[in-house]
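Written below as structure tokens is the structure these notes are about.
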Amino acid sequence: MIVTLQLPPGSHWSEEGLAEEIGIGRTPVREAVKRLQADRLVTILPRHGLMITEINVHEQLLAIELRRELEIFISIRAARRILASDRERLLAAADEIEAAGKHGNLEKYLREVFKANALIAAAAGNPFATRSISPLHAMSRRFYYRYESDLQNLGAMGVLHAARARAVSRHDEQGALVAVTALMEQIENYTRQIFEISVGSGR
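Its first residue numbered 110, the sequence shown is counted upward by one per residue in the working numbering.
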């Protein structure tokens, strides 16, 4: 709901209000809020509940600087280590990503990218890298959902994500490096486009 802006950036909530909105108990909401705080999607306001964090384009650019290095590290290691069972799942996710991008299904695309990212991070076998990149992925999913209609590049992004996933599944370390580099260059380019638009419009 945060990624798809059903819980709008800047909106204030209590745990009770979220539990009622989602239709689950307070305990799982409390646990989810802790994770979302770590992912920088929620800010805890002592004695005042919580706030859904605003989308900050400058912070997104800073996050991409780190994400680029982590994605390269994870992709190469995953290509080296991925197991046969995970290769099949990753290939299936790659096909779904490309199809969702081609057909303009943004929510399906984001779900399948999430799945592929999780498979690649797990295959890399470094829990510290996995924990470090998780909040960057969370920020990026919401950012892309917010601005995809401005960018109109879902098909092209689907091809790039799928290419990285397929290279990893082939144990192709050099191919994974080339694919993830192209992917991150495109992510940085479109984020800079949005930054320039936001500065120009005063948003």
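In this text, a Cβ means the ideal position worked out from N, Cα and C, and glycines have one as well.
Model, not experiment: these values are computed from the prediction.
Candidates GLU294, GLY119, MET110 and LEU114, of which the one nearest ALA128 by Cα:
MET110
- Query: If you follow the beta strand (DSSP E) that MET160 is part of, which residue opens it and which one closes it?
  - Reply: 159 to 161
Backbone CA spacing between THR239 and MET160 [nearest angstrom]: 26 Å
On the criterion of 16 or more Cβ atoms from any shown chain inside 10 Å, does ASN226 qualify as buried, or is it exposed? buried
Report yes or no: do the region 169 to 184 and the region 137 to 148 share at least 3 C-beta pairs separated by less than 8 Å?
no
- [ ] For my contact list, VAL222 and ILE242 are in at a C-beta cut-off of 8 Å; report their separation, rounded to the angstrom.
- [x] Going by Cβ atoms, the distance from VAL222 to ILE242 rounds to 13 Å, so no, they are not a contact pair.
Endpoints, alpha helix (DSSP H) assigned at THR113:
Here THR113 belongs to no alpha helix (DSSP H), and DSSP marks it neither H nor E.
- Using a Cβ-Cβ cut-off of 6 Å (strictly less than) and excluding sequence neighbours within five positions of SER313, which residues of its own chain qualify? The structure shown does not extend to residue 313, since the chain is modelled only from 110 through 312, so no value can be given for it.
Quick check on the DSSP output: the beta strand (DSSP E) that includes ILE153 runs from which residue to which? 151 to 153
*Just reading off the alpha helix (DSSP H) that SER123 is part of, what are its end residues?*
It is not in any alpha helix (DSSP H) - SER123 carries neither H nor E in the DSSP assignment.
Classify GLY213: buried if its beta carbon has 16 or more other beta carbons within 10 angstroms, exposed otherwise.
exposed
Please name the residue, chosen from GLN295, LEU171, LEU170 and ARG190, that lies closest to ALA233 on a Cα-to-Cα basis.
ARG190
query = Excluding the five sequence neighbours on either side, which residues of its own chain have a C-beta within less than 7 Å of the C-beta of GLU257, listed in chain order?
reply = LEU215 and LEU263
Q. Going by C-alpha distance, which of GLU125, GLU297, PHE237 and ALA202 is nearest ARG220?
A. ALA202
For ALA274 and ALA230, the rounded distance between their alpha carbons: 11 Å
How would you label LEU175, buried or exposed, when you count the other beta carbons within 10 angstroms and need 16 or more for buried? exposed
| query | Can the beta-carbon of ASP148 be found closer than 8 Å to that of PRO244? | reply | yes
**Request:** For the alpha helix (DSSP H) holding ASP195, just list the boundary residues, first then last.
**Result:** 193 to 212
Practice prompt. Give the C-beta separation of LEU150 and ARG251 to the nearest angstrom, bearing in mind that I take them to be a contact with Cβ-Cβ under 8 Å.
Written response: 7 Å
Specify the secondary structure class of GLN261 as computed by DSSP and reduced to three states. coil
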